[in-house]
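A quick write-up on the structure given underneath.
Residue numbers (my numbering): 5 to 527.
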């Protein structure tokens with residue numbers, strides 16, 4: 005408000021201000037004085053309310069000083085607002101601003117000499133600044149005596165350099181409080197400015213009285229937050245047994261923030277209820293049931309009847325020994341360099357299970373669900389999988405690494421597999437497929453790694469045990485038509501496989517030696 009007035013005043017020379025603008029300052033001053041009167045009524049009512057509330061609560065010795073403090077604040081505010089009223093009346097009188105009927109005279113409202121003389125020459129402006137800035141400091145001191153700390157109001161009467169609006173203005177920022185507000189300012193603007201200061205004084209008083217009012221009876225524990233709760237004998241119940249526990253109403257106070265400590269560490273308090281959450285470390289003293297007894301020690305410090313009271317609680321609970329359970333198609337072995345899919349679970353952890361896996365002699369690939377993991381072991385030896393949850397180590401599971409079993413070589417024609425125990429009709433199969441079939445268990449459990457293909461070898465035409473020709477095997481389908489053009493009854497086709505290539509789950513091609521020999525007689 006004061007800053008806006010200053011902008012208007014500096015934009016117009018005092019003697020050039022129109023009558024309409026001066027009249028608007030009078031209207032602003034009237035509005036500010038009405039606001040001041042409303043503040044005074046409100047603050048007087050607050051003081052009465054504080055006294056009445058303390059009396060209704062039995063004039064407790066902790067609240068009685070608050071009544072005296074409220075009255076002291078009201079007296080200080082009244083004294084300062086009267087002092088400001090007297091200054092306004094002095095300006096009105098010295099400038100002869102009002103006519104015989106009590107109306108403001110426009111010509112006198114333009115007077116800039118009287119404000120400068122009173123507030124600068126007679127130094128009353130500097131006295132006003134001192135009194136205005138001492139008021140919030142005194143208010144903070146009074147509140148501090150009541151234990152209401154951390155309150156700050158700041159100065160009311162500031163120099164231009166201390167006001168955000170002016171601190172970067174070259175012309176304005178060098179002006180002190182008096183020159184900023186009163187020197188070369190017309191009477192109309194000065195009256196409105198002083199009324200604004202009165203409003204700030206009364207507003208600070210109102211805020212301080214509200215703080216005092218809100219602190220009355222704060223030492224009483226008033227339950228106004230309620231919730232239904234269940235305390236069960238155990239939250240793990242086996243089928244066929246009884247669920248046992250207590251259903252009760254838990255209550256707290258929204259006006260009290262008790263301090264709560266569990267096992268020496270302070271916990272967060274929300275709506276009066278302490279939020280207990282901590283990781284449970286594995287125990288070394290499990291009994292034959294797999295349980296280890298523990299005691300949680302809690303302390304609640306709360307103000308009851310004006311004094312800090314410490315309420316203690318000892319809560320007994322049991323740490324269950326976590327058992328690692330693994331689900332897998334192949335339970336007691338892992339195939340070397342293959343994607344072995346496992347589900348590793350710790351049932352005792354329930355929904356809190358958040359697994360992490362470390363692997364020696366291999367790598368782990370986490371799945372989309374908790375506990376789902378793919379283990380890719382090394383070439384040989386043993387793989388050790390470390391299981392943790394929430395940063396706590398639970399244990400290890402070990403597996404032997406076994407090599408990928410060699411596939412079986414099978415030949416077929418366009419009709420299907422060929423029975424090599426019988427002679428094949430002359431001149432032999434026009435279509436020959438040489439396939440590498442995975443070992444049944446490996447093919448079923450490791451489908452992503454069980455893609456074999458014959459990539460090395462040859463098909464030889466033999467007559468009287470003497471080779472008559474051959475064609476290489478470079479894939480599943482072998483071109484034998486040209487070889488069989490010279491075949492006769494009694495010849496043999498010998499299929500010799502020397503190399504098989506396996507495509508693993510990553511799409512990598514892995515070659516391996518294969519020694520397979522199939523003899524197919526031609527009838």
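Ideal Cβ placement from N, Cα and C applies to all residues, glycine included.
With a threshold of 16 other CB atoms inside 10 Å of the CB of residue 518, please say whether the residue is buried or exposed. buried
According to DSSP, is residue 421 helix, strand or coil? If DSSP states are grouped into helix, strand and coil, residue 421 belongs with the strands.
Below 6 Å CB to CB, which residues in the same chain sit around residue 466 once its five sequence neighbours on both sides are set aside? 496, 498
Going straight from the alpha carbon of residue 244 to that of residue 445, what length do you get? Since pLDDT at residue 244 reaches only 49, below the 50 mark, its modelled position is unreliable, and no value is offered.
Exposed or buried, what is residue 47 when buried is set at 16 or more other beta-carbons lying within 10 Å of its beta-carbon? buried
Taking 8 Å as the threshold, find out whether the region 340-359 comes into contact with the region 312-320 through three or more Cβ pairs. no
Using the beta-carbon count (16 or more within 10 Å), is residue 134 buried or exposed? Exposed is the call here.
Output yes or no for whether 8 Å exceeds the beta carbon distance between residue 375 and residue 348. yes
Would you check if there are 3 or more beta carbon pairs closer than 8 Å linking the region 107-127 to the region 156-174? no
Just the C-alpha distance for residue 242 and residue 230, rounded to the nearest angstrom, thanks. With a pLDDT of 46 at residue 242, under the threshold of 50, the modelled position of that residue is not reliable, and the figure given next carries that caveat. The straight-line gap from Cα to Cα measures roughly 31 Å.
Within 10 angstroms of the Cβ of residue 358, are there 16 or more other Cβ atoms? Answer buried if so, exposed if not. exposed
Could you tell me the distance, in whole angstroms, from the CA atom of residue 304 to the CA atom of residue 87? 51 Å
Tell me whether residue 498 sits in a helix, a strand or coil according to DSSP, three-state version. strand
Please go through the same chain and pick out, in chain order, the residues whose beta-carbon is closer than 6 Å to the beta-carbon of residue 524, but skip the five residues on each side of it. 424, 428, 497
Evaluate the contact criterion for the region 287-302 versus the region 389-407: three or more CB pairs, one atom per stretch, below 8 Å. no
With distances taken from CA atoms, which of 89, 68, 114 is nearest residue 101? 114
If we count Cβ pairs, one from each stretch, closer than 8 Å, do we get three or more for the region 483-492 versus the region 429-437? yes
Can you tell me the Cα-Cα spacing of residue 201 and residue 105, whole angstroms? 28 Å
Going by beta-carbon coordinates alone, are residue 396 and residue 285 separated by less than 8 Å? yes
Please report the distance separating the alpha-carbon of residue 407 from that of residue 389. 19 Å
Can the beta-carbon of residue 504 be found closer than 8 Å to that of residue 516? yes
Are the beta-carbon atoms belonging to residue 163 and residue 137 less than 8 Å from one another? Contact: no.
Pop quiz: residue 195 and residue 146 are said to be a contact at Cβ under 8 Å. What is the actual Cβ separation, rounded to whole angstroms? Actually they are not in contact, since the Cβ atoms of residue 195 and residue 146 sit about 30 Å apart, beyond 8 Å.
Going straight from the alpha carbon of residue 410 to that of residue 338, what length do you get? Rounded to the nearest angstrom, the gap between the Cα atoms of residue 410 and residue 338 is 16 Å.
How big is the Cα-Cα spacing for residue 324 and residue 270? 25 Å
Does residue 340 come out as helix, strand or coil in the three-state DSSP assignment? In the structure shown, residue 340 falls within a coil segment according to DSSP collapsed to helix, strand and coil.
For residue 421, is the classification buried or exposed, using 16 other Cβ atoms within 10 angstroms of its Cβ as the cut-off for buried? exposed
Residue environment, residue 68, which counts as buried when at least 16 other CB atoms sit within 10 Å: exposed
Identify every residue that forms a DSSP beta bridge with residue 469. According to DSSP, which records beta bridges pairwise, residue 469 is partnered with nothing at all.
Report yes if the CB atom of residue 198 is closer than 8 Å to the CB atom of residue 92, and no otherwise. yes
Range covered by the beta strand (DSSP E) that runs through residue 492: Element bounds for residue 492: n/a, residue is neither H nor E.
Residue nearest to residue 219 in terms of C-alpha spacing, selected from 157, 203, 393, 58: 58
I need the straight-line Cα distance from residue 415 to residue 481, nearest angstrom please. 10 Å
Which same chain residues, not among the five before or five after residue 417, have their C-beta less than 6 Å away from its C-beta? 433, 435.
For residue 376, which beta-bridge partners are listed by DSSP? BP columns for residue 376 point to 347.
Can you find a CB in chain D that lies within less than 8 Å of the CB of residue 444? In the structure shown, chain D cannot be found, because there is only a single protein chain.
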